[in-house]
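K.L.:
Every number in my numbering is 1080 more than the matching position in the sequence shown, counting from 1. In this text, a Cβ means the ideal position worked out from N, Cα and C, and glycines have one as well.
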Amino acid sequence: MSEAALIFSTYAESADQLYDVRRMAESIRTFGGKFGNSPIWAYLPQDVTSDDAELVKDLQSLEVVLSTCILLPIN
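#1: Could you tell me the alpha carbon to alpha carbon distance between Y1091 and K1114, rounded to whole angstroms?
#2: Note down the Cα distance separating L1086 from M1104, rounded to an integer number of angstroms.
#3: Name the two residues that bound the continuous beta strand (DSSP E) containing F1118.
#4: Thinking C-beta only, is Y1123 closer than 8 Å to S1147?
#5: Using the rule of at least 16 other Cβ atoms within 10 Å of the residue's Cβ for burial, across every protein chain shown, is V1145 buried or exposed?
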């Protein structure tokens, strides 16, 4: 990864929003300049998965790290 001290992070609430994550990652990799190789992390609820193998392959090739998260209620 880049030596630039920046991590891009986003949250995808649904599998459909993973397409937006891909678009964001493509944009960062193409137009990000010195930050173009920075890590990209996408957080998903535990129950979100994608059946689109091409989408998952694209996210992997863009080096997007997908992580599940637990949503806690806000009091």
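P.N.:
The answer reads as follows:
#1: The count along the sequence shown starts at 1 and reaches residue 1091 at position 11. The count along the sequence shown starts at 1 and reaches residue 1114 at position 34. Their backbone Cα atoms lie some 23 Å apart in a straight line.
#2: In the sequence shown, the residue the question calls residue 1086 occupies position 6. In the sequence shown, the residue the question calls residue 1104 occupies position 24. Roughly 15 Å between the two C-alpha positions.
#3: Walking along the sequence shown from the start, residue 1118 turns up at place 38. In the sequence on display, residue 1118 carries Ser and not Phe. In the DSSP assignment, S1118 falls outside any beta strand (DSSP E), carrying neither H nor E.
#4: Counting from 1 along the sequence shown, the entry for residue 1147 is found at position 67. Counting from 1 along the sequence shown, the entry for residue 1123 is found at position 43. S1147 places its beta carbon less than 8 Å from that of Y1123.
#5: Residue numbering aside, residue 1145 sits at position 65 when the sequence shown is read from its first letter. So V1145 counts as exposed.
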